[in-house]
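Residue numbers (my numbering): 5 to 132.
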């Protein structure tokens, strides 16, 4: 299976909020990707970096890639293929799955290394 990734424009951040905290109004300012995940110990928001207020605890300077889809729920090994290439290149990742696709976030500082590893693995990358 040929995999194609669409590189999203802009820089992204991963913010950590208190457990049970709802969707913050500033996350809705993100024109691109925005995702919220709640667990018993935290609420995490992934969105465009410019939307995250400076006082919010966040890791910044991520680049986001979306797998061309939609992907079938029966698809096997897509994330494994993407992350194995990156693991072999020593690139840490954050993965998010949606109903239609998968998203990979990685630090902008390792973007060139990641894209080289993906190209070597036969994974195509396109600008969005």
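Ideal Cβ positions, reconstructed from N, Cα and C, are used throughout, including at glycine.
Everything numeric in this text was worked out from a predicted model, so none of it was measured.
Check                                                                                             : Outcome
Ordered list of alpha helix (DSSP H) runs contained in the region 24-86, each at least 4 residues : none
Nearest candidate by alpha-carbon position, reference residue 121, set 90, 69, 30 and 110         : 90
For residue 34 and residue 27, the rounded distance between their alpha carbons                   : 12 Å
Residue from 41, 54 and 15 whose Cα sits closest to the Cα of residue 22                          : 41
Proximity of residue 37 and residue 127 at Cβ, strictly below 7 Å                                 : no
CB contact flag (residue 99, residue 110, <7 Å)                                                   : no
Straight-line Cα distance separating residue 71 from residue 56                                   : 25 Å
Same chain, Cβ closer than 8 Å to residue 105, five either side skipped, listed in chain order    : 70, 71, 72, 73, 74 and 75
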